[in-house]
Amino acid sequence: MSTRHRPRRRSRGFTLVELMVTLTVLAILLVVAVPSFDGIRLSSRLTSYATDLVASSQLARTEAIKRNAPVTLCVSSNGTSCATSGGWESGWIVLSGTTVIQQQPAAAAGYKLTEAGGAISLTFESTGVGATQASVTICRASPSVGGQERLVKISATGRTSITRTALGTCA
Numbered sequence: 079m080s081t082r083h084r085p086r087r088r089s090r091g092f093t094l095v096e097l098m099v100t101l102t103v104l105a106i107l108l109v110v111a112v113p114s115f116d117g118i119r120l121s122s123r124l125t126s127y128a129t130d131l132v133a134s135s136q137l138a139r140t141e142a143i144k145r146n147a148p149v150t151l152c153v154s155s156n157g158t159s160c161a162t163s164g165g166w167e168s169g170w171i172v173l174s175g176t177t178v179i180q181q182q183p184a185a186a187a188g189y190k191l192t193e194a195g196g197a198i199s200l201t202f203e204s205t206g207v208g209a210t211q212a213s214v215t216i217c218r219a220s221p222s223v224g225g226q227e228r229l230v231k232i233s234a235t236g237r238t239s240i241t242r243t244a245l246g247t248c249a
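Encoded structure:
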């Protein structure tokens with residue numbers, strides 16, 4: 079009787095060594111990738127706050143011209159009236175007389191919106207020209223990624239600009 083050797087079938091699946099190598103590579107990739115995702119999230123949030131502030135200032139200017147009356151963009155923590163103190167991070171409103179045209183809620187905890195001259199309100203006259211200009215720095219109170227900031231400039235004529243900076247001077 080002859081003995082035949084049956085070809086041995088190779089089992090399918092992963093060996094323990096292959097699994098460990100794969101998990102090690104995955105762990106290294108996560109360690110490298112997670113901090114950059116935090117930077118992207120921070121950048122997105124700063125840009126969002128800057129864009130909201132620009133949109134509100136443009137709305138205030140447009141409404142002043144449309145209503146032929148002064149319209150104010152001011153800090154407001156309650157969303158119904160202008161605050162007498164506080165920072166822009168507590169929220170703001172666009173106000174015509176006693177009518178609230180737009181309300182912006184407070185920024186997330188840990189974010190600061192600081193006006194260089196300490197202004198807490200901007201008024202646009204019926205011609206669309208503002209009584210003052212503003213320069214608002216938007217930043218993370220304790221910078222975690224490269225000290226990213228956004229600088230929103232609102233000129234007396236109502237022209238706005240957003241500048242990305244990395245000075246890390248959030249105060």
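First residue of the sequence shown: 79, per my numbering; consecutive thereafter.
We treat Cβ as the ideally placed atom computed from N, Cα and C, and that holds for glycine.
For residue i, the first and last residue of its enclosing alpha helix (DSSP H)
i: Arg139; result: 94-145
Residue range of the beta strand (DSSP E) that includes residue i
i: Cys217; result: 212-218
i: Thr235; result: Run containing Thr235: none; DSSP gives neither H nor E here.
i: Leu245; result: First-last for Leu245: undefined, no H or E at that position.
Closer than 7 Å: residue i CB and nearest the ligand MG heavy atom
i: Thr205; result: For the structure depicted, the ligand MG is absent and the ligand set is empty, with no information on it obtainable.
CA-to-CA distance, residue j to residue i, given in whole angstroms
i: Phe202; j: Ser134; result: 12 Å
i: Ile24; j: Ala111; result: Residue 24 falls outside the range modelled here, since the chain spans only 79 to 249, and no answer is possible.
i: Val99; j: Ala105; result: 10 Å
i: Lys251; j: Thr215; result: Here the chain covers residues 79 to 249 and nothing more, so residue 251 does not appear.
i: Ala185; j: Ala244; result: 20 Å
i: Ser114; j: Glu167; result: 25 Å
i: Val103; j: Val207; result: 59 Å
Other residues of its chain near residue i: CB distance less than 8 Å, five sequence neighbours each side excluded
i: Pro148; result: Ala142, Ser174, Thr201, Phe202, Glu203, Ser204
i: Arg123; result: Ala186, Tyr189
i: Gly169; result: Val153, Ser154, Ser155, Gly157, Gln181, Gln182, Pro183, Ala184, Ala185
i: Cys160; result: Thr150, Cys152, Val153, Ser154, Ile171, Leu173, Ile198, Ser199
i: Thr129; result: Ile240
Spatial neighbours of residue i in its chain, beta-carbon cut-off 7 Å, leaving aside the 5 residues before and after
i: Ala212; result: Glu193, Ala197, Leu200, Ile232
i: Arg132; result: Position check: residue 132 holds Val in this sequence, whereas Arg was assumed. If we look at Val132 and ignore the five residues flanking it on each side, its Cβ neighbours are Val230, Thr238, Ile240.
**Asked** Any chance the stretch 234-242 sits against the stretch 134-141, with 3 or more Cβ pairs inside 8 Å?
**Response** yes
Cβ pair count under 8 Å reaching 3, the stretch 169-184 against the stretch 146-155 | yes
Problem set entry | Contained beta strand (DSSP E) runs [length at least 3] in the stretch 155-220, N- to C-terminal order | 170-174, 177-182, 189-193, 199-202, 212-218
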